[in-house]
Amino acid sequence: MTARVLLAALLLLSAGSTSAAPYRVFMVIHRTGAEADQGFRDYLLSAGLEVEFTVRNIEGDANRLPAVIQEIRARRPDLIYAQSTLVTEGLVGRVGEVDAARHITDIPVVFAMVSDPIASGLVTRLEGSGRNLTGAVHVASLPVQLKAMQSFMPLKRLGVAYNPSEPSQRNMFDKLKQLTAQAGIELVAVHPLGKDGKPDAARLPAMMQALAARRPDLVYLPPVNFFAPHSQLLMDEAIRLGLPTFCAIEVQLEAGGMMGLVAPFYNVGGLAGFKATQILREHRSAAELPVETLSRFSFEVNMPAAHALGLYPPMHILRYARLRER
Numbered sequence: 086m087t088a089r090v091l092l093a094a095l096l097l098l099s100a101g102s103t104s105a106a107p108y109r110v111f112m113v114i115h116r117t118g119a120e121a122d123q124g125f126r127d128y129l130l131s132a133g134l135e136v137e138f139t140v141r142n143i144e145g146d147a148n149r150l151p152a153v154i155q156e157i158r159a160r161r162p163d164l165i166y167a168q169s170t171l172v173t174e175g176l177v178g179r180v181g182e183v184d185a186a187r188h189i190t191d192i193p194v195v196f197a198m199v200s201d202p203i204a205s206g207l208v209t210r211l212e213g214s215g216r217n218l219t220g221a222v223h224v225a226s227l228p229v230q231l232k233a234m235q236s237f238m239p240l241k242r243l244g245v246a247y248n249p250s251e252p253s254q255r256n257m258f259d260k261l262k263q264l265t266a267q268a269g270i271e272l273v274a275v276h277p278l279g280k281d282g283k284p285d286a287a288r289l290p291a292m293m294q295a296l297a298a299r300r301p302d303l304v305y306l307p308p309v310n311f312f313a314p315h316s317q318l319l320m321d322e323a324i325r326l327g328l329p330t331f332c333a334i335e336v337q338l339e340a341g342g343m344m345g346l347v348a349p350f351y352n353v354g355g356l357a358g359f360k361a362t363q364i365l366r367e368h369r370s371a372a373e374l375p376v377e378t379l380s381r382f383s384f385e386v387n388m389p390a391a392h393a394l395g396l397y398p399p400m401h402i403l404r405y406a407r408l409r410e411r
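Residue numbering for the sequence shown is 86 to 411, as defined by my numbering.
If you want it as structure tokens, here you go:
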């Protein structure tokens, strides 16, 4: 089923009359090019809403958010769309750390591309945040991902590349460490941080080489904001070094990752758009709307990568996996 068909199915849930006056939606994006942003916009427009979009791109720099927040307060939009954990945290603050002088509290915010809103401190529960905030999660839970990895191959040593400068990534690593310990799997971790504690793209090849030296059975690549624009470099290095990869997001597979359990970003944006429509047209409270994940993820195998590494999907996986041929 295509992303557009799934989006159409969501639209049936929110069909209604076109708004008489345009809604003003302020989109704050981490970086350009995410399919989630297009899915969000398409959903609102296809639902019959007349919308004026204002888009601001922080280009991965959280230091730009105070000026964006100032502009939001001046414009007073009806709703804010936040792409990524970093953007959402900068706009609304973490639970228990909200400062009304620095954060948005009185305008509904709908996020997309947040991998773990609870671990990130954005909400304390998914059923309804109690804040002026809701959204769509784009990553399957870690236990589900680990089970998917083990369905492809037995694991004795799992490698992971992550960015410990991101709080959400530190939380992810702690969870993964606990899960692998329970499963009797050795966890080998690497990161691209320099002496200043910041990620450095120039360190990525050496990071992958350090991982290869530990000879993991598989390398897990979580949804790291810093890694996304360097996905091609990471996947090229993985193939060159003979490292099979398990990817958490679609862009990594598109760059040549070997396999992953992923959700189409376009559909994630559509789910965020569905929630925005509930807020704008149905006057639902963001605080009461559940934070949700797409009900279905796709187990995908990148066959050119599998061929290059000499690793082929077991027969039972071929019954349900999507095989990428490029």
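Every residue gets a Cβ at the ideal spot worked out from N, C-alpha and C, and that includes glycine.
Here the structure is a predicted model, which means the values were calculated and not measured.
- Judged by DSSP in its simplified three-state form, Tyr-247 adopts coil rather than helix or strand.
- By alpha-carbon distance to Lys-283, the top candidate from Pro-252, Ala-268, Ala-295 and Gln-267 is Pro-252.
- Lys-360 is classed as buried because its beta carbon has at least 16 other beta carbons within 10 Å across all chains shown.
- Closest option to Gly-244, judged by alpha-carbon separation, among Gly-395, Thr-362, Ala-323 and Glu-144: Ala-323.
- Counting along the chain, the unbroken alpha helix (DSSP H) around Thr-170 starts and ends at 170 to 177.
- The shortest CA-to-CA distance from Val-386 to any of Gly-279, Leu-278, Asp-285 and Met-234 is the one to Met-234.
- When the alpha-carbon of Val-224 is set against those of Ala-186, Ala-391, Gln-337 and Arg-300, the nearest one is in Gln-337.
- In this structure Val-376 is in contact with Pro-202, their Cβ atoms being roughly 6 Å apart against a cut-off of 8 Å.
- A direct Cα-Cα distance of roughly 34 Å separates Gln-168 from Gln-267.
- Put simply, the backbone Cα of Met-198 is about 12 Å away from that of Val-347.
- Taking the CA atoms as reference points, Arg-411 sits about 13 Å from Met-320.
- Partner residues in the beta bridge of Leu-218, as assigned by DSSP, are Val-194.
- Ile-192 and Pro-162 have their C-alpha atoms some 8 Å from each other.
- Residue pairing from DSSP places Ser-383 in a beta bridge opposite Val-347.
- Counting C-beta pairs closer than 8 Å gives fewer than three between the region 279 to 295 and the region 169 to 176, which falls short of the contact rule.
- In the displayed model, Met-238 falls within coil according to three-state DSSP, outside both helix and strand.
- Looking only at Phe-111, Tyr-128 and Ile-114, the smallest Cα-Cα distance to Ala-357 is reached by Tyr-128.
- Note: Arg-141 is bridge-paired with Val-113 in the DSSP secondary-structure output.
- The beta-bridge partner set that DSSP reports for Tyr-305 consists of Val-245 and Phe-331.
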